[in-house]
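Heads up, the thing below is written out as C-alpha cells.
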Amino acid sequence: MKLTVNGKEHEVDVEDDMPLLWVLRDELGITGPKYGCGIAQCGACTVHVDGIAVRSCQLAAGDLEGEVTTIEGLGTPEAMHAVQAAWVEHQVAQCGYCQSGQIMQAASFLDLNAAPTDDQIDAAMSGNLCRCGSYPRIRAAVKTAARRLQGV
Amino acid sequence: MRGLVCALLIAGTGVSAQTVTREEGMAAWERIFAAASHPRCTNCHVGAQEEPMWEGLSYGTGAVHGMGVKADESRIGAESMPCRACHITAAGRDVASPAAPQIDEAWQLAPVELDWLGTDSATLCAMLRDPDRNDGHDIAGLVEHLESSPFVAWGFAPGPGRSKPPGSVEDMARDVALWGAAGSPCE
Numbered sequence: 474m475k476l477t478v479n480g481k482e483h484e485v486d487v488e489d490d491m492p493l494l495w496v497l498r499d500e501l502g503i504t505g506p507k508y509g510c511g512i513a514q515c516g517a518c519t520v521h522v523d524g525i526a527v528r529s530c531q532l533a534a535g536d537l538e539g540e541v542t543t544i545e546g547l548g549t550p551e552a553m554h555a556v557q558a559a560w561v562e563h564q565v566a567q568c569g570y571c572q573s574g575q576i577m578q579a580a581s582f583l584d585l586n587a588a589p590t591d592d593q594i595d596a597a598m599s600g601n602l603c604r605c606g607s608y609p610r611i612r613a614a615v616k617t618a619a620r621r622l623q624g625v
Numbered sequence: 197m198r199g200l201v202c203a204l205l206i207a208g209t210g211v212s213a214q215t216v217t218r219e220e221g222m223a224a225w226e227r228i229f230a231a232a233s234h235p236r237c238t239n240c241h242v243g244a245q246e247e248p249m250w251e252g253l254s255y256g257t258g259a260v261h262g263m264g265v266k267a268d269e270s271r272i273g274a275e276s277m278p279c280r281a282c283h284i285t286a287a288g289r290d291v292a293s294p295a296a297p298q299i300d301e302a303w304q305l306a307p308v309e310l311d312w313l314g315t316d317s318a319t320l321c322a323m324l325r326d327p328d329r330n331d332g333h334d335i336a337g338l339v340e341h342l343e344s345s346p347f348v349a350w351g352f353a354p355g356p357g358r359s360k361p362p363g364s365v366e367d368m369a370r371d372v373a374l375w376g377a378a379g380s381p382c383e
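Structural data, given as C-alpha cells:
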C-alpha cells in the first residue's frame, strides 16, 4: 500500500489489519509515535491524519485515508510548531515517552479550537496519560501555545 | 391511507399484513423498550449531558465514559477531543472491549432530542411516537433508522466483551412497525 507521511510518499508491503503505529515504527522507522497500551487508552501513539489527532494503534493500515503527520513532521528544531515551542518554554517533559502524543494531541486540538477554555483543554488532553505527572506543565504550555497561535 | 402505509411498513419488515391489535402493539413495545433501554443504546442516547456512558461493560452502573471525554455541542467532541481520535471509521473491524469500537460511520452521540438515558417505558414510548419530540421521525423513519444505522447494527453485534440488547435489528424493526400499525400504544 501507499501512504504519505510527513509529506513523503511511501510504499509498504503489510497486512491490511496492521496498525498504522506498526507501519510507522517497524516499516518506516519513524519512531516518534510511541507504543503504550495498544487499545486507545493512553494516547502515546497519537499522530495526525489530515490534521486530526488519531490513535495510530487503532487505525488499521487498510483503513487509512489521508495524509499522516507525526511529531517528526510537525516542526523542526529550527522552525518549531507553536506547541513544540511552548513545550520547550515550559520544560514540560520529564521522561518524555508520552510527549510526542501529547504534543500531537495539543496541536490538533488548537487547530480545531483556537481559543479553548480551561475545561476544554483538560477534556482535550485527558486521553493522553503521563506517568510522570507533567499535567500542570502540559496545561500551561497548551495555554501559552493558544495565545501564540492567536498572535496575542 | 394511514392503514395502507402501516400495511406496507409491516410488509417491508417481513411481517404479514394484518390487523394488529392493541395488545400485540403493547407486546411489541415491551420488546422495543427492552432493547432501547439497554446500555448499548442509552450509553449514547444521553441528551444534553456532555459525557457518553460506559454502562453494560465491566465498570458498574452509572459509569461515565473514561478519559474525561466531552461530546460538547458538536456531539462529536470537536471542541476538545473528537470521538474519532479513538473511534476509527472503518467497516468490518470487530474490536474487542476495552479498545474503542469502530463502525463505518463517524462516531458521535445521538441528537440531544433523543435523550432517554434512565427514562421509563411510558415516557420513552410517548417520546418515540411523537415526531415533535423524537427528532422528526415517523414510524417509517424509526424503522429506517433501525435498519440503516451503523450504530444500531453495531449495538446488536458490539464485539467481544460488551453486553448486547435482546433480539436483533430485524426483530426491533419489525416490532416498531407492529407497534406503529397498532396505533403506537403506550399503556
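One line per chain: the protein sequences are G and H, in this order.
Residue numbers for the first sequence follow this note's numbering, beginning at 474 and rising by one.
Residue numbers for the second sequence follow this note's numbering, beginning at 197 and rising by one.
Built from N, CA and C at the ideal position, the CB exists for glycine as well.
Cα-Cα separation between residue i and residue j, rounded to whole angstroms
i: ARG289(H); j: CYS571(G); result: 27 Å
i: THR549(G); j: TRP350(H); result: 42 Å
i: ARG621(G); j: VAL496(G); result: 34 Å
i: ASP591(G); j: SER344(H); result: 39 Å
i: GLU545(G); j: GLN623(G); result: 24 Å
i: ALA306(H); j: HIS234(H); result: 15 Å
i: SER254(H); j: GLU482(G); result: 42 Å
i: ALA613(G); j: TRP225(H); result: 52 Å
i: TRP375(H); j: ALA513(G); result: 40 Å
i: LYS360(H); j: ARG236(H); result: 7 Å
i: ILE611(G); j: PRO356(H); result: 35 Å
i: ILE228(H); j: ARG498(G); result: 47 Å
i: GLU538(G); j: VAL522(G); result: 8 Å
i: ARG604(G); j: VAL339(H); result: 47 Å
i: PHE352(H); j: ALA588(G); result: 40 Å
i: GLY379(H); j: ALA267(H); result: 35 Å
i: GLU220(H); j: GLU246(H); result: 37 Å
i: VAL265(H); j: LEU324(H); result: 28 Å
i: ALA552(G); j: VAL561(G); result: 13 Å
i: GLY332(H); j: VAL372(H); result: 16 Å
i: VAL348(H); j: ASP311(H); result: 15 Å
i: ASP584(G); j: GLY258(H); result: 33 Å
i: PRO346(H); j: ARG370(H); result: 18 Å
i: THR319(H); j: ALA274(H); result: 31 Å
i: ASP367(H); j: THR504(G); result: 49 Å
i: ASN586(G); j: LEU494(G); result: 26 Å
i: LYS475(G); j: GLY502(G); result: 16 Å
i: CYS530(G); j: ALA223(H); result: 45 Å
i: TYR508(G); j: ALA322(H); result: 49 Å
i: HIS554(G); j: ILE576(G); result: 10 Å
i: VAL308(H); j: GLU269(H); result: 9 Å
Reduced DSSP category for residue i - H, G, I as helix; E, B as strand; rest coil
i: THR348(H); result: Checking the displayed sequence, the identity of residue 348(H) turns out to be Val instead of Thr. Here VAL348(H) sits in helix by DSSP.
i: ALA286(H); result: coil
i: ALA513(G); result: coil
i: MET598(G); result: helix
i: PRO589(G); result: coil
i: VAL541(G); result: strand
i: ALA336(H); result: helix
i: PRO307(H); result: coil
i: MET491(G); result: coil
i: PHE296(H); result: In the sequence as displayed, the identity of residue 296(H) is Ala instead of Phe. In this structure, ALA296(H) counts as coil in the three-state DSSP scheme.
i: ALA302(H); result: coil
i: ALA322(H); result: helix
i: ALA533(G); result: strand
Start-to-end residues for the beta strand (DSSP E) that takes in residue i
i: ARG528(G); result: 525–528
i: VAL478(G); result: 475–478
Limits of the alpha helix (DSSP H) - the one that residue i falls within
i: GLU482(G); result: Careful: GLU482(G) lies outside any alpha helix (DSSP H), inside the beta strand (DSSP E) at 481–484.
i: LYS616(G); result: 608–622
i: VAL561(G); result: 555–562
i: THR519(G); result: That residue, THR519(G), is in no alpha helix (DSSP H); its beta strand (DSSP E) goes 519–522.
i: TRP375(H); result: 365–377
i: MET277(H); result: Segment: none, MET277(H) is in no alpha helix (DSSP H) and carries neither H nor E.
i: ALA574(G); result: Just to set this straight, residue 574(G) is Gly in the shown sequence, not Ala. Unbroken alpha helix (DSSP H) run through GLY574(G): 572–585.
i: GLU220(H); result: 218–232
i: MET384(H); result: No statement about residue 384(H) is possible, as the shown extent of chain H runs from 197 to 383 and does not include it.
i: CYS237(H); result: 235–238
Expected contact under 8 Å - CB spacing of residue i and residue j to nearest Å
i: VAL615(G); j: ALA579(G); result: 5 Å
i: ARG329(H); j: GLN304(H); result: Contact doesn't hold; Cβ gap of about 20 Å is too wide.
i: GLU500(G); j: VAL487(G); result: 6 Å
i: ILE284(H); j: ASP536(G); result: 6 Å
i: SER573(G); j: GLY524(G); result: SER573(G) to GLY524(G), Cβ: 16 Å. No contact.
i: ALA597(G); j: MET277(H); result: 5 Å
i: GLN567(G); j: SER607(G); result: 5 Å
i: MET491(G); j: ALA517(G); result: Actually they are not in contact, since the Cβ atoms of MET491(G) and ALA517(G) sit about 18 Å apart, beyond 8 Å.
i: ALA281(H); j: ALA526(G); result: 5 Å
Output, in sequence order along the chain, the residues in the region 314–332 of chain H whose CB is closer than 9 Å to any CB in chain G. Look at the region 314–332 of chain H: it has no residue with a C-beta under 9 Å from a C-beta of chain G.
Relative to chain G, which residues along the region 229–250 of chain H have a C-beta separation below 9 Å, given in chain order? Within the region 229–250 of chain H, the residues whose Cβ lies closer than 9 Å to some Cβ of chain G are GLU246, listed in chain order.
Listed from N- to C-terminal order along the chain, which residues in the region 271–293 of chain H have their beta-carbon within a distance smaller than 7 Å of any beta-carbon of chain G? Taking 7 Å as the Cβ-Cβ cut-off against chain G, the residues of the region 271–293 of chain H that qualify are ALA274, GLU275, SER276, MET277, PRO278, ARG280, ALA281, CYS282, ILE284, ALA286 and ARG289.
When Cβ atoms are compared, which residues of the region 589–615 of chain G fall closer than 7 Å to chain H? Those residues of the region 589–615 of chain G that come within reach of chain H (Cβ to Cβ, closer than 7 Å) are GLN593, ASP595, ALA596, ALA597, SER599 and GLY600.
Closer than 8 Å between beta carbons: that is the criterion. Which residues of the region 547–580 of chain G meet it against chain H? Those would be GLN578, in chain order.
What are the residues in the region 516–545 of chain G lying within 7 Å of chain H by C-beta distance? Near chain H, meaning a CB-to-CB distance below 7 Å, the residues of the region 516–545 of chain G are ILE525, ALA526, VAL527, ARG528, GLN531, LEU532, ALA533 and ASP536.
In chain order, what residues of the region 480–513 of chain G put their CB closer than 7 Å to some CB of chain H? Here the close residues are ILE512 and ALA513.
Near-chain G residues of the region 249–265 of chain H (beta-carbon distance less than 9 Å), N- to C-terminal order: Taking 9 Å as the Cβ-Cβ cut-off against chain G, the residues of the region 249–265 of chain H that qualify are GLY262, MET263, GLY264 and VAL265.
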